[in-house]
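Oh and the sequence shown: position 38 is 38 in UniProt numbering, straight run, nothing missing.
Quick notes on the structure that follows.
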Amino acid sequence: MKNHQTQVRVRYGETDQMGVVYHGNYIPYFEIGRVEWLRNKGVSYKSMEESGIGLPIVSMQVNYKKSARYDELLTIHTTFKSQSSVKIEFDCAIYNEANELLTTAVFILVFVSLKTGRPTAPPDYILELFKTLE
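Structural data, given as structure tokens:
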């Protein structure tokens, strides 16, 4: 399945004095979504890094539609969009408890060797995962 959902509750420290989530705090929410997407597919990001493979963001586009607020339970939707060579792309969205769309994003990440810092082919188990998503 290309989609996965996970939830996170907005903490006080992620907001301003008006109880609105600071725009930069959406990026970690999306990271939680991507890591949990991988975990749901049987891939541990920690194990991948321990084997020498990293997956840094090389491009992101975020579109803010409505503010998240303190103590709201947010649902992060993460959808695998595509994979080519060393890149992987995700479409993401965050909804509040009323199922209102708050934020959308597109992320492009690149598989890199942590030893060399250079792009590298995804590990075989990731390539097998991609085949199941086609």
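Ideal placement from N, C-alpha and C gives every residue a C-beta, glycine not left out.
Given the structure is predicted, the values throughout are model-derived calculations rather than measurements.
**OP:** Could you tell me how far apart the beta carbons of T75 and C92 are, in whole angstroms, since I believe they sit closer than 8 Å?
**Re:** Residue mapping note: residue 75 aligns to position 75 of the sequence shown, counting from 1. Residue mapping note: residue 92 aligns to position 92 of the sequence shown, counting from 1. Actually they are not in contact, since the Cβ atoms of T75 and C92 sit about 11 Å apart, beyond 8 Å.
Original post:
Candidates K87, V8, E97, S113: which alpha carbon is nearest M48's?
Top reply: Looking up residue 48 in the sequence shown gives position 48. In this structure, S113 is the residue among K87, V8, E97, S113 with its C-alpha nearest to the C-alpha of M48.
Original post:
Taking C-alpha atoms, which residue in L38, S51, H4, S59 lies nearest to I27?
Top reply: Looking up residue 27 in the sequence shown gives position 27. The shortest C-alpha separation from I27 is found at S59.
**OP:** Please classify Q17: is it buried, with 16 or more other beta-carbons within 10 angstroms of its beta-carbon, or exposed?
**Re:** Position 17 of the sequence shown, counted from the start, is the residue given in the question as residue 17. Exposed.
**OP:** Please go through the same chain and pick out, in chain order, the residues whose beta-carbon is closer than 8 Å to the beta-carbon of I32, but skip the five residues on each side of it.
**Re:** To locate residue 32, count along the sequence shown from 1; it is residue 32. Within the same chain, I32 has close Cβ partners T6, V8, I76.
Subject >> C-alpha distance - K115 paired with G54, whole-angstrom precision >> reply: Position 115 of the sequence shown holds residue 115. Position 54 of the sequence shown holds residue 54. Each residue's Cα considered, the two are about 10 Å apart.
Subject >> Proximal residues to Q52 (C-beta, below 7 Å), its chain only, five neighbours per side dropped >> reply: For the purposes of this step, residue 52 is identified with residue 52 of the sequence shown, where counting begins at 1. Sequence check: residue 52 is Gly here, not Gln. Excluding positions up to five away in sequence, the list reads S113, L114, K115.
Subject >> Option nearest E97 by Cα separation, candidates K87, Y70, T120, V106 >> reply: Within the sequence shown, residue 97 is the residue found at index 97, counting from 1. For E97, the nearest C-alpha among the options comes from Y70.
Subject >> Alpha carbon of residue 147 to alpha carbon of I94, nearest angstrom >> reply: Residue 147 cannot be examined here, being either before or after the span of the chain that is shown, 1 to 134.
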